[in-house]
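K.L.:
Take 5 as the starting number for the sequence shown in this note's numbering and just add one per residue. Built from N, CA and C at the ideal position, the CB exists for glycine as well. In this text the structure is predicted, and so the values were computed from the model without any measurement. Input: one structure, supplied below.
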Amino acid sequence: MLLLPIVSFSQGLKGTYLLFISLDKKLTINLSNKQFSLEKANYIYVGSAFGSGGLKSRVSRHLLKTKNKRWHIDFLTSSDHSEVVGVVYFINQKIECYLGKLLSTFSSLEPVFGFGNSDCKENCDSHLFKIVKKE
5 MLLLPIVSFS
15 QGLKGTYLLF
25 ISLDKKLTIN
35 LSNKQFSLEK
45 ANYIYVGSAF
55 GSGGLKSRVS
65 RHLLKTKNKR
75 WHIDFLTSSD
85 HSEVVGVVYF
95 INQKIECYLG
105 KLLSTFSSLE
115 PVFGFGNSDC
125 KENCDSHLFK
135 IVKKE
């Protein structure tokens, strides 16, 4: 696991990542066959970047507010009320579903069922998790 600024990556470096997102207002995402209601909270998104652009291109895309919305996460990261506040990279590791399933086991995280896992081959509940405050 490496914690590096995205600018330090070469263009082709690939891997899996955790994106930490702060949402300062409730957000409803309406898709053709699904609706997600995201509360004001902090979230963790599990993603992977094994295409030609690698981690640098994928994470840089998440930082853009204006973009073509291709994935569920694009609807969240393009909101004026969301901010990417951190990223953790796992270089050359294809562990997206492993991390998704692992995060599902933490009581301090709630999966947003069906978010970001439509192409998942391992039947993950979600690839987006709300960080909940336990009292």
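Using C-beta distances below 6 Å, list every residue in its chain close to E100, excluding the 5 sequence neighbours before and after it, in chain order.
P.N.:
Only residues of its own chain outside the window of five on either side were considered, and among them T20, V50 and S52 have a CB closer than 6 Å to the CB of E100, listed in chain order.
K.L.:
Could you please give me the residues that DSSP links to L42 through a beta bridge?
P.N.:
L31
K.L.:
Based on Cα-Cα distance, which residue from T70, S83, L17 and G120 lies nearest to K60?
P.N.:
L17
K.L.:
Looking only at its own chain, which residues have a Cβ that is under 8 Å from the Cβ of E43, when we skip the five neighbours before and after it?
P.N.:
L27, K30 and K134
K.L.:
Can you give me the Cβ contacts of G118 inside the same chain, cut-off strictly under 7 Å, excluding the 5 residues immediately before and after it?
P.N.:
If the five residues before and after G118 are omitted, its C-beta is found closer than 7 Å to the C-beta atoms of K38 and S130, all from its own chain and listed in chain order.
K.L.:
Would L23 and H66 qualify as a contact pair, given that the criterion is a beta-carbon distance under 8 Å?
P.N.:
yes
K.L.:
Return the Cβ separation of I25 and E126 in integer angstroms, given the expectation that the two are a contact with Cβ distance under 8 Å.
P.N.:
Incorrect: roughly 23 Å between the Cβ atoms, too far for contact.
K.L.:
Let me confirm a value: V89 is counted as buried when at least 16 other C-beta atoms fall within 10 Å, else exposed. Which label applies?
P.N.:
exposed
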